[in-house]
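Just below is one structure, and these are the notes that go with it.
In the UniProt record's numbering, the protein residues as written are 1 to 94.
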């Protein structure tokens, strides 16, 4: 398995470390937040790569949504040329 292969994890520390090594911040898509119960579509907000309408949230809030939705974090450590990859997505654990 090469470093450019993707992996999945549910481990909070792995996700946080991967994100912070790339200057990312936990976020949600603002238009998907529900004020009564919180939540929303999870994203990672990378400086200079931001989608519009992202709202940064705490890691605590991020992992609450992550766990409540039974998600896994699919990610790539490095690009094929060896640089830090920012490729990730959230996938259902079902």
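Even for Gly, the Cβ is constructed at its ideal location relative to N, Cα and C.
- Residue 73 is bridged by DSSP to 9, 90.
- Distance between residue 86 and residue 56, taken at the CA atoms: about 17 Å.
- Residue 64 carries a helical assignment under DSSP once its states are collapsed to helix, strand and coil.
- Residue 44 carries a strand assignment under DSSP once its states are collapsed to helix, strand and coil.
- Our two residues, residue 40 and residue 82, have alpha carbons roughly 33 Å apart in a direct line.
- Separation of residue 47 and residue 21 (C-alpha to C-alpha, rounded to the nearest whole angstrom) is 12 Å.
- With respect to the C-alpha of residue 11, the residue from 68, 76, 63 having the closest C-alpha is 63.
- The C-alpha of residue 5 lies about 32 Å from the C-alpha of residue 31.
- C-alpha of residue 93 to C-alpha of residue 73: approximately 9 Å in a straight line.
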